[in-house]
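FYI, the numbering for the sequence shown is 1 to 167, going by UniProt numbering. Backbone N, C-alpha and C define an ideal beta-carbon position, used for all residues, glycine too.
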Amino acid sequence: MNERQWGIVMRNNDLLNGKFFEGGNTNSKIAVPTSISRARYTAFALKERSIPDYDVTFEAPKDIPGNTKKPEIKFRIPRFQICDSSRVEVFETKSAIADSMASNAFSQTTVEASVGGGAFGVSVGVKAGATTSGSSSFAQSSSKDESRMHVAYLVRSYHTYLKERGI
């Protein structure tokens with residue numbers, strides 16, 4: 001990505017915006033904030049830094065003829081790392097609670113742990129029995145096993161390093 005594209009990403013994601021406290025009772029002498037929100041305007045700017053020629057992946061300014069020294073190229077591009085951990089998870093659920101959790105983007109591990117321990121850490125069990133005796137008997141049994149398959153695509157992400165010495 002070039003400097004312009006990075007500028008768009010940082011502006012759209014408010015990476016250089018500060019935070020401010022909202023709310024509180026303004027009638028009293030001491031206002032207690034009720035929430036912290038992201039500022040609406042940019043509060044910081046990236047410092048220019050040199051990037052070696054071999055790291056520039058886009059069209060850079062050409063050399064000036066007659067110059068013996070290459071001009072130093074400086075950009076306002078943050079340091080970043082791509083965490084390419086994109087993957088597909090496929091798992092199966094058998095209860096309504098697990099199905100609901102999977103539909104609401106809980107991970108497979110969370111769904112399995114919750115179902116194994118009951119609903120939200122509460123385990124409920126019911127046992128009932130009855131006996132009858134008589135000269136004739138009749139027995140009937142039926143069972144229904146229903147399961148649902150879920151496929152989740154977990155997209156890749158990146159980490160942007162915004163340290164105080166670079167802002």
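Exercise. With distances taken between CB atoms, is the gap from R87 to R49 smaller than 9 Å?
Worked result: Taking 9 Å as the Cβ cut-off, R87 and R49 do not qualify as a contacting pair.
For this session: Return the residue from the list L154, A96, K163, Y161 that minimises the CA-CA distance to E146.
Result: Selection L154, A96, K163, Y161 evaluated against E146 yields A96 as nearest (Cα-Cα).
For this session: Using three-state DSSP, classify N13 as helix, strand or coil.
Result: It is coil, neither helix nor strand.
Exercise. Where does residue 204 land, buried or exposed, given buried means 16+ other C-beta within 10 angstroms?
Worked result: Past the boundaries of the shown model lies residue 204; the chain is included only from 1 to 167, so the question cannot be answered.
Exercise. In three-state DSSP terms, what is R76?
Worked result: Look at R76 here: in three-state DSSP terms it is coil, with no helix or strand label.
Problem set entry | One or two residues paired with I36 in a DSSP bridge | In the DSSP output, where bridge partners are listed per residue, I36 has F21.
Exercise. With a CB to CB cut of under 8 Å and the five nearest residues on each side skipped, what residues in its chain are close to K19?
Worked result: Cβ-Cβ distances below 8 Å link K19 to I36, S37, R38, A39 in the same chain, with the five nearest sequence neighbours on each side left out; the list follows chain order.
For this session: Pick out whichever of E164, H159, E89, T160 has its Cα sitting closest to the Cα of M149.
Result: Per the Cα distances, E89.
For this session: Within the same chain, show all residues whose beta-carbon is closer than 8 Å to that of A43, passing over the 5 residues directly before and after it, in chain order.
Result: Taken in chain order, the residues that qualify are L16, N17, G18.
Exercise. Buried or exposed: where does M10 fall if 16 or more other Cβ atoms within 10 Å of its Cβ makes it buried?
Worked result: So M10 counts as buried.
Problem set entry | Cross-strand partners of M149 (DSSP beta bridge) | According to DSSP, M149 bridges with E92.
Exercise. Ordered along the chain, which non-local residues of its own chain (more than five positions away) have a Cβ less than 7 Å from that of M1?
Worked result: Excluding sequence neighbours, M1 sits near nothing in its chain.
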